[in-house]
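Some notes on the structure that comes next.
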Amino acid sequence: MLENAWGWLIVAYLFLAGAGAGAFVAAVACDLLAPDWSKSLARAGSLASGPLVAVGTMCLVFDLEAGLWQPWRQLYLVSNLSSMISWGVIVLSLFIPVALLYAAALNDLTFVGRYAKKYVWHLEVAGSVLAVATAVYTGILIAVVNGVPFWNTPLMPVLFLASAVSTGLAVAMIGAAIIDITTIRTLSNFALGHVIFLAIEGVVLMLFIFMSLTRSVEAAVSANMMISGVLSPYFWLLVVVLGILVPFALSIVEYYEYGKMPKYLVVGADLLVLVGGMSLRGVIIFAASPPQIV
Amino acid sequence: MPRYGIAIDTTKCIGCHACQVACQNHNQLDYNQRFNWILERDRGKYPSFDKEFVPVQCNHCEDAPCERVCPTAAIYTTAEGIVHIRSERCVGCKYCVEACPYKVRIVDHHKGIVTKCWLCIDMVRKGGEPACVTTCPNQVRIFGDLDDPNSKISRFIAEHRAQPLRPDLNTKPKIYYKRS
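Those sequence lines, one after another, are chains A and B.
The working numbering applies: residue 689 is where the first sequence begins, and numbers increase by one.
The working numbering applies: residue 198 is where the second sequence begins, and numbers increase by one.
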């Protein structure tokens with residue numbers, strides 16, 4: 689009767705939408721701020737962002753039941769603007785095409801890309817706003833739920849945005865290494881980004897846990913589940929150590945040892961950030977506990 | 198229009214689950230699906246222990262969190278104050294299940310939609326009472342119009358100062374409890 693309503697598909701969606709939105713922001717930042725040798729990073733980030741968010745959205749659709757079997761029911765999804773899901777449908781359906789057009793423009797894909805190239809500046813501005821909206825939305829989606837006191841905090845969108853930016857940067861860096869392995873040396877320049885965003889993510893996560901412990905009885909139950917209960921191995925190992933501390937340390941080394949770090953460690957740090965981002969969503973969703981009503 | 202609610206006297210509940218079975222029967226639910234059930238709580242101090250049975254079901258909140266979060270506007274409040282689902286609009290996103298603080302909504306995996314207690318509105322509109330109310334062997338439940346100060350339920354709530362569960366959540370439930 690008290691089954692978990694949301695499971696892995698929602699976790700995957702929260703992660704993929706965050707990583708895709710973050711990859712877009714990373715691509716725009718690289719395209720605007722960095723010199724020519726970082727173009728492969730911008731290309732990789734833009735190529736990854738649209739498809740990642742689209743696959744995440746597919747996860748949402750597959751989590752539906754009647755709406756999946758009778759897809760016309762999905763037309764109703766924008767009926768209630770006081771529901772975050774209605775807003776999410778609007779934001780996602782605007783962001784995915786913009787991200788795909790931006791990827792086409794940066795990579796000169798077909799005639800669409802050549803046409804979109806004229807409007808690259810517009811795409812960057814509109815896309816960045818929509819990307820931040822997408823990342824923040826994944827947090828607000830669960831932050832407005834008062835049936836789960838643990839999620840019901842304004843820190844949630846902040847935490848998810850911080851995680852989205854660091855996972856997005858990781859996606860762009862892995863993509864750049866795949867597109868052009870010779871850029872692996874120049875990736876060291878972006879290690880500083882990991883240092884900054886992982887630090888922010890770590891601090892917000894710490895605040896979130898500490899405040900949950902005192903906010904309400906139910907939030908404390910969930911927080912304790914994460915730090916010392918059934919979810920603690922996943923939280924400490926996957927989220928804290930492998931997802932934040934190890935890539936943080938590796939990125940510092942990478943930044944100072946400019947270009948001398950072995951390739952597998954550079955890409956490994958990025959993969960760990962992705963593992964951490966997915967696990968963070970997982971433990972938060974599975975730590976949900978309802979209000980105590982009797 | 199009346200504003201229907203139920204008052205529940207937990208001091209009379211013996212935990213027989215007849216209300217649950219009557220509900221499953223009336224709504225033709227599977228054995229593992231239920232719109233109402235009984236939570237148990239041990240309370241008291243040695244030597245006077247006590248097990249309290251608290252029947253729970255949809256609270257038909259006036260400020261219903263489920264109604265606010267439903268993206269398809271499938272959830273609405275009827276003129277009688279009953280929170281109801283238009284099943285043809287529900288897509289099964291389960292957002293309302295997460296939003297409900299009382300966790301009294303269930304997923305019907307056959308139809309792929311979310312469903313819950315509807316205060317047997319079909320029988321109530323014909324002048325009857327919900328199945329859980331009429332079946333209870335101890336008359337734990339009192340059904341009636343909360344807006345009528347002379348109804349049995351209003352007098353019961355006034356006399357025993359019955360309260361909803363977790364009134365601090367500000368959802369204004371219409372199920373009241375006398376718990377001691």
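Just so you know, even glycine gets a beta-carbon here, dropped at the ideal spot from N, CA and C.
None of the values given here were measured: they were computed from a predicted structure.
Buried or exposed: residue i, going by 16 or more other Cβ atoms within 10 Å of its Cβ?
i                  : result
Ser-380 of chain B : Residue numbering for chain B in the displayed model covers 198 to 377; residue 380 of chain B lies beyond these limits and cannot be assessed.
Lys-248 of chain B : exposed
Glu-356 of chain B : exposed
Ala-730 of chain A : buried
Asn-840 of chain A : buried
Ser-737 of chain A : buried
Gly-325 of chain B : exposed
Ser-854 of chain A : buried
His-281 of chain B : buried
Nearest CA to the CA of residue i: which residue from the options?
i                  : options                                    : result
Leu-697 of chain A : B:Cys-290, B:Asn-233, B:Gly-241, B:Cys-267 : B:Cys-290
Asp-260 of chain B : B:Gly-278, B:Leu-226, B:Pro-252            : B:Gly-278
Ile-235 of chain B : B:Asp-342, B:Cys-333, B:Gly-341, B:Phe-340 : B:Cys-333
Phe-703 of chain A : A:Asp-868, A:Ala-850, A:Leu-720            : A:Ala-850
His-307 of chain B : B:Gly-241, B:Leu-226, B:Val-253, B:Leu-343 : B:Leu-226
Asn-877 of chain A : A:Cys-718, A:Ala-705, A:Val-699            : A:Cys-718
Asn-692 of chain A : B:Met-198, B:Val-304, B:Leu-316            : B:Val-304
Ile-372 of chain B : B:Cys-216, B:Leu-316, B:Glu-264, B:Thr-331 : B:Leu-316
Ser-904 of chain A : A:Glu-945, A:Pro-979, A:Trp-725            : A:Pro-979
His-810 of chain A : A:Ala-787, A:Thr-822, A:Val-699            : A:Ala-787
Phe-750 of chain A : A:Gly-695, A:Gly-856, A:Ile-778, A:Leu-797 : A:Gly-695
Pro-739 of chain A : A:Phe-712, A:Ala-879, A:Ser-728            : A:Phe-712
Ala-823 of chain A : A:Ile-972, A:Gly-708, A:Val-971, A:Val-716 : A:Gly-708
To the nearest angstrom, how far is the alpha carbon of residue i from that of residue j?
i                  : j                  : result
Ala-852 of chain A : Gly-710 of chain A : 5 Å
Met-689 of chain A : Tyr-374 of chain B : With a pLDDT of 40 at Met-689 of chain A, under the threshold of 50, the modelled position of this residue cannot be trusted, and the question is left open.
Val-741 of chain A : Pro-785 of chain A : 10 Å
Leu-769 of chain A : Thr-208 of chain B : 43 Å
Val-817 of chain A : Met-844 of chain A : 19 Å
Glu-812 of chain A : Ser-734 of chain A : 10 Å
Val-892 of chain A : Val-846 of chain A : 7 Å
Met-899 of chain A : Pro-935 of chain A : 25 Å
Arg-240 of chain B : Phe-246 of chain B : 6 Å
Val-294 of chain B : Tyr-764 of chain A : 18 Å
Cys-220 of chain B : Cys-210 of chain B : 16 Å
Gly-668 of chain A : Ala-328 of chain B : Outside the modelled stretch of chain A, which goes from 689 to 982, sits residue 668 of chain A, for which no answer is possible.
Asn-224 of chain B : Ile-310 of chain B : 15 Å
Met-914 of chain A : Ile-830 of chain A : 17 Å
Ile-767 of chain A : Leu-794 of chain A : Strictly speaking, residue 767 of chain A in this sequence is Ser, with Ile absent from that position. Their backbone Cα atoms lie some 36 Å apart in a straight line.
Pro-346 of chain B : Leu-780 of chain A : 50 Å
Lys-300 of chain B : Gly-835 of chain A : 7 Å
Pro-361 of chain B : Thr-274 of chain B : 19 Å
Val-218 of chain B : Asn-229 of chain B : 11 Å
Ile-862 of chain A : Lys-805 of chain A : 24 Å
Phe-783 of chain A : Gly-947 of chain A : 35 Å
Asn-912 of chain A : Glu-264 of chain B : 31 Å
Ala-821 of chain A : Gly-827 of chain A : 10 Å
Can the beta-carbon of residue i be found closer than 8 Å to that of residue j?
i                  : j                  : result
Val-927 of chain A : Leu-959 of chain A : no
Asn-256 of chain B : Pro-370 of chain B : yes
Val-266 of chain B : Met-966 of chain A : no
Arg-322 of chain B : Val-982 of chain A : no
Ile-929 of chain A : Ser-977 of chain A : Ile is not the amino acid found at residue 929 of chain A; the sequence shown has Val there. No; because the gap between Cβ atoms is not below 8 Å, this pair is not in contact.
Arg-873 of chain A : Val-288 of chain B : no
Val-883 of chain A : Ser-939 of chain A : yes
Ala-732 of chain A : Ile-867 of chain A : yes
Arg-283 of chain B : Ala-296 of chain B : no
Ala-714 of chain A : Ala-814 of chain A : no
Pro-199 of chain B : Asp-342 of chain B : yes
Ile-932 of chain A : Gly-964 of chain A : yes
Pro-262 of chain B : Pro-298 of chain B : yes
Leu-983 of chain A : Ala-858 of chain A : Residue 983 of chain A is absent from the structure shown; chain A starts at 689 and stops at 982.
Ala-975 of chain A : Phe-838 of chain A : yes
Pro-775 of chain A : Tyr-825 of chain A : In the sequence on display, residue 775 of chain A carries Trp and not Pro. The answer is yes: Cβ separation under 8 Å.
Gln-254 of chain B : Cys-213 of chain B : no
Where does residue i sit, in a helix, a strand or coil, going by DSSP?
i                   : result
Thr-312 of chain B  : strand
Pro-252 of chain B  : strand
Arg-1021 of chain A : No answer is possible for residue 1021 of chain A: it lies beyond the span of chain A, which begins at 689 and ends at 982.
Trp-839 of chain A  : coil
Met-689 of chain A  : Only weak support exists for where Met-689 of chain A lies, its pLDDT of 40 falling under 50; the value from the coordinates is given anyway. Residue state, collapsed to three classes: coil.
Ile-372 of chain B  : strand
Leu-797 of chain A  : coil
Glu-295 of chain B  : helix
Leu-789 of chain A  : helix
Val-833 of chain A  : coil
Ser-245 of chain B  : strand
Asp-260 of chain B  : coil
Trp-234 of chain B  : strand
Taking Cβ positions only, does residue i come closer than 8 Å to chain E?
i                  : result
Ala-693 of chain A : Judged by its chain identifiers, the structure shown contains no chain E, and its protein chains are A and B.
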